[in-house]
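If you're matching positions, the sequence shown starts at 1 in the UniProt record's numbering and goes up one per residue. Where is the CB? At the ideal position from N, CA and C, for every residue including glycine.
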Amino acid sequence: MSLGLTMTSDPVTQNTMACGPTIPKDCQSITMYNGVCFNIDRYGRVGSAVPSSPPECRIEADIAFLLDGSGSVHRDDFQRMKVFVKNLVRSFEGKDTQFAISQFSTEFKVHYYFNTFNHNNWQPQIDAISQLTGWTYTANAIKRVVQNVFSSSHGARPNVRRVLIVITDGESNDWSDLPGATNLAENEKIVRFAIGVGSAFDSRGAKRELETIASSPSNEHVFQVGNFAALETIRNNLQEKIFAIEGSQTGGESLKMEMSQDGFSAAYVPGGFQMGIVGANQWKGGYVKYTSSGRKRGSYEPLNVESDSYLGYSMAVAQTRQGSMTIVGAPRYQHRGVVMVVDPSGNFKKIDPFLWQRIAGSKVQSGLKFFGMSISQSSFDQSGDLLPDLAVGSKGKVILLRSKPIVMVEATVSFSPSQIPIQNPDCSQPLRTKAKICFTMTKHSSVNQASARINCNFTLDSTRKAPKNRAYISEKQRMTNKSFDINLRQPKCFDVNFFVEPCPEDALNALSNELTFTFEGLPSEISNLSPSLALEAQTTTFHPLGFEINCGTDNTCVDNLKVDFNFTRSLEVKVGIDELLNVTVSVENSEENSYNSHVIVTYPAGLSFRKFTVLQGRIECNSLDSEGLLEGTTDCTVDKPIFKTNTKAFFIISYGIETNSQLDKTIFITANATSGNNEHSVSSKLYKKKSIPVKYSIFVTFESTLSYNNFTFGKDELGKPVQQSIVVTNDIRTLNFTVVIRVPVKLGDKDIWADSSSLQFPDCQRDKDEEPLVKDFVAQIQKNKLVDCSVAQCRVFKCNMFMGRLDSKTLKISANLSSRWIQQIGLKSAKYLLTSTASLEYDRNQYIFFSTGSNNNPPIHKIEAEVEVYAELDFTKEIIGGSLGGLALLALLTAGLYKAGFFKSKYNDMINANEAEPDGDEPE
Numbered sequence: 001m002s003l004g005l006t007m008t009s010d011p012v013t014q015n016t017m018a019c020g021p022t023i024p025k026d027c028q029s030i031t032m033y034n035g036v037c038f039n040i041d042r043y044g045r046v047g048s049a050v051p052s053s054p055p056e057c058r059i060e061a062d063i064a065f066l067l068d069g070s071g072s073v074h075r076d077d078f079q080r081m082k083v084f085v086k087n088l089v090r091s092f093e094g095k096d097t098q099f100a101i102s103q104f105s106t107e108f109k110v111h112y113y114f115n116t117f118n119h120n121n122w123q124p125q126i127d128a129i130s131q132l133t134g135w136t137y138t139a140n141a142i143k144r145v146v147q148n149v150f151s152s153s154h155g156a157r158p159n160v161r162r163v164l165i166v167i168t169d170g171e172s173n174d175w176s177d178l179p180g181a182t183n184l185a186e187n188e189k190i191v192r193f194a195i196g197v198g199s200a201f202d203s204r205g206a207k208r209e210l211e212t213i214a215s216s217p218s219n220e221h222v223f224q225v226g227n228f229a230a231l232e233t234i235r236n237n238l239q240e241k242i243f244a245i246e247g248s249q250t251g252g253e254s255l256k257m258e259m260s261q262d263g264f265s266a267a268y269v270p271g272g273f274q275m276g277i278v279g280a281n282q283w284k285g286g287y288v289k290y291t292s293s294g295r296k297r298g299s300y301e302p303l304n305v306e307s308d309s310y311l312g313y314s315m316a317v318a319q320t321r322q323g324s325m326t327i328v329g330a331p332r333y334q335h336r337g338v339v340m341v342v343d344p345s346g347n348f349k350k351i352d353p354f355l356w357q358r359i360a361g362s363k364v365q366s367g368l369k370f371f372g373m374s375i376s377q378s379s380f381d382q383s384g385d386l387l388p389d390l391a392v393g394s395k396g397k398v399i400l401l402r403s404k405p406i407v408m409v410e411a412t413v414s415f416s417p418s419q420i421p422i423q424n425p426d427c428s429q430p431l432r433t434k435a436k437i438c439f440t441m442t443k444h445s446s447v448n449q450a451s452a453r454i455n456c457n458f459t460l461d462s463t464r465k466a467p468k469n470r471a472y473i474s475e476k477q478r479m480t481n482k483s484f485d486i487n488l489r490q491p492k493c494f495d496v497n498f499f500v501e502p503c504p505e506d507a508l509n510a511l512s513n514e515l516t517f518t519f520e521g522l523p524s525e526i527s528n529l530s531p532s533l534a535l536e537a538q539t540t541t542f543h544p545l546g547f548e549i550n551c552g553t554d555n556t557c558v559d560n561l562k563v564d565f566n567f568t569r570s571l572e573v574k575v576g577i578d579e580l581l582n583v584t585v586s587v588e589n590s591e592e593n594s595y596n597s598h599v600i601v602t603y604p605a606g607l608s609f610r611k612f613t614v615l616q617g618r619i620e621c622n623s624l625d626s627e628g629l630l631e632g633t634t635d636c637t638v639d640k641p642i643f644k645t646n647t648k649a650f651f652i653i654s655y656g657i658e659t660n661s662q663l664d665k666t667i668f669i670t671a672n673a674t675s676g677n678n679e680h681s682v683s684s685k686l687y688k689k690k691s692i693p694v695k696y697s698i699f700v701t702f703e704s705t706l707s708y709n710n711f712t713f714g715k716d717e718l719g720k721p722v723q724q725s726i727v728v729t730n731d732i733r734t735l736n737f738t739v740v741i742r743v744p745v746k747l748g749d750k751d752i753w754a755d756s757s758s759l760q761f762p763d764c765q766r767d768k769d770e771e772p773l774v775k776d777f778v779a780q781i782q783k784n785k786l787v788d789c790s791v792a793q794c795r796v797f798k799c800n801m802f803m804g805r806l807d808s809k810t811l812k813i814s815a816n817l818s819s820r821w822i823q824q825i826g827l828k829s830a831k832y833l834l835t836s837t838a839s840l841e842y843d844r845n846q847y848i849f850f851s852t853g854s855n856n857n858p859p860i861h862k863i864e865a866e867v868e869v870y871a872e873l874d875f876t877k878e879i880i881g882g883s884l885g886g887l888a889l890l891a892l893l894t895a896g897l898y899k900a901g902f903f904k905s906k907y908n909d910m911i912n913a914n915e916a917e918p919d920g921d922e923p924e
């Protein structure tokens, strides 16, 4: 403990104090160093230790719980989650720890902020939390905790450890936003623990989410258990890690009295004593006040002192007319050190480290050695000039130094006319103006005579560079100088004539005129001492010359500004569709002139200023887009410098919307009207705040194949296979959505498919079948040859998908087609289109389908199968008819030939031939 490292005595009571400022105490991963002092009276009796006991180990942290209340968490498991929170809170009771509890699903809800969490009745508060149910939007919840929960307005403390514990059971729906959310938390120095529970975290993607949520290294900040019942097994481990975090801060950002080293210095004061606490508050330091009996009565711990200053390293007490003054040293303040004087009320001032006056021994007398080795503690007027003298020792000699008288010199400037008139619109005619400059000398020391030489420079409109200056003495000259002597008897004044160009368009920017002077003390006739100028004298001053403001007989301008705005042709912000959000601003002044009028518009991060368009009035706008958590600001001047009575102005501010902008579900725009007038009418409307919902564009496409099948009418044919592919492609952004597929399965009382139970889609869930709208389907199908869900009972399948940008997924229809449904239509030969459909379901409060037209509804994709039916052919009638027709044709041909004499002529030829032949053989 190093007892005796500090000792001090009280000359009044003859008591002695001995202190040991290095008592160690082990607190988990941090070793505290405190101290103790003992008061020893004049008889050698040792009093009790002060303080009486060392401080306890402390955990100072703000811990926020973020609970997954989505629908995938079973009700019993959610109760176990709350039990875990209660047990962990109980572990930190009495350790200067605050808690906040939030829950997330599709929505985000803060149950208790740090300043609304009741430390005396916290268990019923946790029991009263009910489960939200819904989707799992983890990234959005983390952002909301960082921005809203860890806020000073909700009780978060600035210099304590910040801890976020996220408990979740499944993959999030906004996983792509997690890196941005965790970076936001990292920038705010929030240490994050991720607790993954349930079987949903068996996937590799979910493990990556846990590692993304947690602080680095992930193996020390990620807890993964198989079920909610195992939460209790990690409570002690988590508690130890939070203790370790608190103690591992090498910079000591959260340390208060852990390293105070009480008694590093000590001093007696009337009625008690003080002990230096050099290591308190990140080694800023200070001291603690005690009564003579050792009871603590207060402390001095200035938080505006820099860390590592070691205030209290040394301490002394001086008695003055105002009471006891504590002189305390901080040797490492700004790496140079400083000495502070603290009055009884706790007010302090630094002893100026700069030299007021440096006296070199060689300037006093040659040959002096070790000049300044000793200085007289009291000052006396040895020379009789009513000024204190100082005895300074050197080796072998003592030198008596006389004090120089101190005087103050003040300068004033007045103008005639006192203001620049703005009624004359002609800026080419300069206004003759006069400045009266006066210097006055007063004494700070007890002297009757003092004089000095003053050299001064007076510069007109000094803040503007030529040739933009509006005041001048003569062409190209705006500075004059003068030298003169001054004394204590009377002021010294002189005039400067110059010209001002009256420019009404610059009525609120005053001319800033600079006056500088130098001081040279002159020896007095009696004491031959030259005065010195007081250090607080202002050798450079600025004297404004403003423009007159016309405010009526009461000289007070009361304007009546009314500001309003609307979102031009926009009911919502469509990220990825709209390139601009146009804000049309209107402002009017219905009473006295308004000077230097502005409209300041704020807009959220994610929007960027593009341009402004003036509709009416003189408008100039400058904008600064948001940085970090700050809002963007557009500052527009209105009819500068004077927004006159009964005047209106209109303008449009256009903000760009990037495709990858990340905005809240609802954004807020504000407009605030201001002016340089001291008063505004009570009926003014200076502030307007409006909200507009935000939706993100999505674009999903479907592609499918066309199949063909045919049947013979009247035959009961089963099992014609049908295979169709549906390719789903997601564009623009990562999306959680549902593909709804409707397939006709029954026409009337006839099944369309041979086995409807075989009609399945992998990874999709069957929903309730839908009945057709048209009951008399025969006439409609005969007319348009279309079999879809309007005439047939349809089976509905819902396929939940989570797809990244440009991802594709293929769904397949594979089943056997029946022919039983065809006959009831009554057409023996026809071509039908058997049409299934694919459509989208998504969160329409968050997303909007990208479309070039005004209708942003997603299209319904048709999946078509061509089914042809034809009658069975019977050739019996055709054969009989063909035979009879052939015989009839033969008879007709024979009759025709007969009538033409064909057969008769042939017969005659044959007879004639036979008659001409002789009997016997023909001779050779």
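Taking the alpha-carbon positions, what's the residue i to residue j distance?
i, j, result
"S2", "S309", "22 Å"
"P858", "W753", "29 Å"
"Q760", "G576", "36 Å"
"V339", "M7", "20 Å"
"G251", "N159", "Residue confidence for G251 is low, a pLDDT of 45 falling below 50, so the modelled location carries little weight and cannot support an answer."
"G279", "N39", "22 Å"
"S189", "R161", "Per the sequence shown, residue 189 should be read as Lys rather than Ser. In a straight line, the C-alpha of K189 is about 8 Å away from that of R161."
"D76", "K82", "10 Å"
"L5", "C37", "10 Å"
"Q79", "V614", "59 Å"
"F735", "M803", "Sequence inspection shows Leu at residue 735; the Phe mentioned does not correspond to that position. Looking at the two C-alpha atoms, the distance is approximately 6 Å."
"G676", "T556", "12 Å"
"H208", "W175", "Reading off the sequence shown, one finds Arg at residue 208, where the question assumed His. Answer to the nearest angstrom: the Cα atoms are 10 Å apart."
"N448", "C493", "22 Å"
"P11", "Y268", "9 Å"
"E246", "F117", "Interpretation of E246 is limited by its pLDDT of 43, a score under 50 that renders its predicted location unreliable; the figure taken from the coordinates is listed afterwards. One C-alpha to the other measures close to 22 Å."
"D461", "D639", "24 Å"
"C551", "K562", "19 Å"
Counting only beta-carbon separations shorter than 7 Å, does residue i have a partner in chain D?
i, result
"L488", "No chain D is part of this structure, which consists of one protein chain only."
Can you give me the start and stop residues for the alpha helix (DSSP H) that residue i sits inside?
i, result
"V149", "No alpha helix (DSSP H) contains V149, which DSSP labels as neither H nor E."
"S293", "Careful: S293 lies outside any alpha helix (DSSP H) and carries neither H nor E."
"F777", "777-784"
"Q282", "280-283"
Starting from residue i, follow the beta strand (DSSP E) in both directions and report where the run begins and ends.
i, result
"D10", "6-10"
"M801", "793-803"
"G329", "323-330"
Going by C-alpha distance, which of the options is nearest residue i?
i, options, result
"E866", "K492, L706, N677", "L706"
"A679", "V558, L624, S590, F499", "Contrary to the premise, residue 679 reads as Glu rather than Ala in this sequence. Cα-wise, what sits closest to E679 is V558."
"L522", "Y595, R470, I406, E591", "I406"
"D776", "C764, K685, L747", "L747"
"G826", "K812, A871, K685, T835", "A871"
"residue 926", "I642, G606, I600", "Only positions 1 to 924 of the chain appear in this structure, which leaves residue 926 out of reach."
Who does residue i pair with in a DSSP beta bridge?
i, result
"P721", "N816"
"D485", "R453"
"residue 931", "The chain is shown from 1 up to 924; residue 931 falls before or after that span and cannot be answered."
"K689", "T670"
Which word fits residue i, buried or exposed, when buried means at least 16 other C-beta atoms lie within 10 angstroms of its C-beta?
i, result
"H335", "exposed"
"G285", "buried"
"L67", "buried"
"K574", "buried"
"S248", "Here the model assigns S248 a pLDDT of 40, short of 50, so the residue's position is not dependable and the matter cannot be decided."
Is the beta carbon of residue i within less than 6 Å of some heavy atom of the ligand HEM?
i, result
"T634", "Of the ligands one can find in the structure shown there are none, so the ligand HEM has no counterpart to examine."
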